[in-house]
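Protein chains in written order, with the working numbering: chain C, 10 to 297; chain V, 1040 to 1287.
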């Protein structure tokens, strides 16, 4: 049973990662920075529980704030670039964050051993869950409380005027400006919300794996983050969840028995899915 | 209402608009005509601030609005339609009007949360009126991208009106319309004038512009070559040359 709970944990955290890219993608921005915000949330929350002895919930809150603040700061310069240039700029930011943590040492002695992030060695002993006696099922439920809450908030956004404004900007920036929409506010706010979601996801990730290092936040993670909403489609948050299940459960776990063939099939199936459902797994088919 | 003084814009070596002076008085309908590439759409883009002028000033209600970004100019009261329709095709008809409600009263009357997250009954009533005006009330839940061409034009006009503008810039609103649709458009423009709307009408279709404009200015190669009442413009030899070619 623990295997399935573990699976659900992975799906939950990756859904948060995908949703953080989803809201940014609604405004037409393809961001590869989400792994960076994810990393910042992970390190911030883990340092607070391990080094400062905080409870996990406020630590996740700070992780979300750290992700949001960084995303807001990235959002302003990102306004100046579009399309491929934005992809490159955000990719550079994500790699910058990863390299920062590759070089980041901050260890203190606690109960005879040194704890804290140690550069390339990573950050071990993130033991909030085992120390407090949480079972895998508890952790899984805890993660899913956050996933469901974020999905409900984004779903509510989507039905609100704000959601329509995000999509309007994503479709046509010139028209959006011309009907009085402030592009700066809309794009930076979407980036900020995305950063907060990635920050929470990162905090949860750090605690269920108990060990993080710079390579947990590489460009592959950034690619997954943006691939989920693209594969799932932008018609609703459920598309992103479905894409995470498709990739993490069906492709990665389901094809495990195939050995080396898995990697080949993995790519082929994503291409097939995108060809069969060009506007995403849950995308609306648009009449010509 | 609108005063252009010495407005110029070059793209590389191409002088799209050259030292244009143009005044649009309160409640007036001014036609701006000229052959393709004569700088009409560039003029609209300069007035709405999509790009800055190379020289010259745009005064709106007596104030220089050169420092305002596009969305602030809309909020100040300048709305436009596009020559090539630019609706939000993946949004419904209703949502296209909803996101365009950005007049100052609208913004002041709503708190941050209601403005972004909620609808309000007054705003809803206004959308209903706009749907009625454009004859799209039965299609309010359709995606804008799925509407027929004429319907898209009507929706774009309604979307411009959603911000309760004082000045409306119509960039070739009759392009691609048949004469029945042009007749309906003429009716709409005249009913807007009755409500006190000031309109700058950029148009190719003479049938429309001659019938509704109080005054017409003619552009050729970015320069104003004539200005006056429709009858005078029709008789002007310079204008005839610009449109038909040949020696002046």
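We put the CB at the ideal spot given by N, CA and C, even for glycine.
Below 8 Å between beta carbons: does that hold for residue 1209 of chain V and residue 1166 of chain V? no
By the 10 Å Cβ neighbour count, where 16 or more other Cβ atoms means buried, how is residue 1277 of chain V classified, buried or exposed? exposed
State the start and end residues of the unbroken alpha helix (DSSP H) segment that holds residue 1084 of chain V. 1079 to 1087
Taking Cβ positions only, does residue 49 of chain C come closer than 8 Å to chain V? no
Taking 8 Å as the cut-off, decide whether the C-beta atoms of residue 14 of chain C and residue 146 of chain C are in contact. yes
Among all the DSSP beta bridges, which residues are the ones paired with residue 1237 of chain V? V:1206
Ignore the nearest five residues each way along the sequence and tell me which others in residue 1093 of chain V's own chain have a CB closer than 7 Å to its CB. 1047, 1048, 1049
On the three-pair Cβ rule with 8 Å, is the stretch 159 to 174 of chain C touching the stretch 24 to 39 of chain C? yes
Which residues in the same chain as residue 1045 of chain V place their Cβ atom closer than 8 Å to its Cβ, once the five residues preceding and following it in sequence are excluded? 1058, 1059, 1060, 1094, 1095, 1096
For residue 1212 of chain V, count neighbouring Cβ atoms within 10 angstroms of its own Cβ and tell me buried if that reaches 16, exposed if not. buried
Do residue 1127 of chain V and residue 1199 of chain V come within 8 Å of each other at the CB atom, strictly closer than that value? no
8 Å contact criterion, which residue 1195 of chain V and residue 1121 of chain V should meet: CB distance rounded: 7 Å
What does the alpha-carbon distance come out to for the pair residue 1108 of chain V and residue 1197 of chain V? 22 Å
Identified DSSP bridge partners for residue 1320 of chain V: The requested residue 1320 of chain V does not occur in the structure, where chain V is confined to residues 1040 to 1287.
Any beta-carbon of chain C closer than 8 Å to the one on residue 1055 of chain V? no
What did DSSP end up calling residue 1224 of chain V once you bin it into helix, strand or coil? helix
Using a Cβ-Cβ cutoff of 7 Å, what residues of the stretch 1101 to 1120 of chain V are near chain C? List them in chain order. 1109, 1110, 1113, 1114, 1119
Which word fits residue 238 of chain C, buried or exposed, when buried means at least 16 other C-beta atoms lie within 10 angstroms of its C-beta? buried
Sequence-distant residues of the same chain with beta carbon closer than 7 Å to residue 297 of chain C, five excluded per side: Residue placement at residue 297 of chain C is poorly supported in this model, since its pLDDT is 33, which falls under 50; the coordinates are not used for a value here.
Which chain V residues are close to residue 187 of chain C, counting only those with a beta carbon under 7 Å from its beta carbon? 1087, 1109, 1113, 1119
Spatially closest choice to residue 1089 of chain V from C:256, C:187, C:231, C:164, by CA coordinates: C:187
Are the beta-carbon atoms belonging to residue 50 of chain C and residue 234 of chain C less than 8 Å from one another? no
Does the Cβ-Cβ distance between residue 45 of chain C and residue 102 of chain C come in under 8 Å? yes
Endpoints, the alpha helix (DSSP H) within which residue 1135 of chain V is located: 1132 to 1137
Out of C:124, C:17, C:195, C:52, which has the shortest C-alpha to C-alpha gap to residue 171 of chain C? C:195
Could one say the Cβ of residue 181 of chain C lies closer than 8 Å to chain V's Cβ atoms, at least one of them? yes
Determine whether the beta carbon atoms of residue 1078 of chain V and residue 1056 of chain V lie at a separation below 8 Å. yes
Where residue 147 of chain C sits in the DSSP three-state scheme: helix
Unbroken beta strand (DSSP E) run spanning residue 1266 of chain V, endpoints: 1262 to 1267
Under 7 Å Cβ-Cβ, which residues of chain C neighbour residue 1128 of chain V? 180
Does the Cβ of residue 94 of chain C have 16 or more other Cβ atoms within 10 Å, making it buried, or fewer, making it exposed? exposed
According to DSSP, residue 1259 of chain V sits in a beta bridge with which residue or residues? V:1262
List, in chain order, every chain V residue whose beta-carbon is nearer than 8 Å to that of residue 190 of chain C. 1110, 1138, 1141
So, using beta-carbon positions, are residue 124 of chain C and residue 134 of chain C closer together than 8 Å? yes
Report yes or no: is there a C-beta of chain V within less than 8 Å of the C-beta of residue 98 of chain C? no
Contact between the stretch 1184 to 1191 of chain V and the stretch 1097 to 1104 of chain V: three or more CB pairs below 8 Å? no
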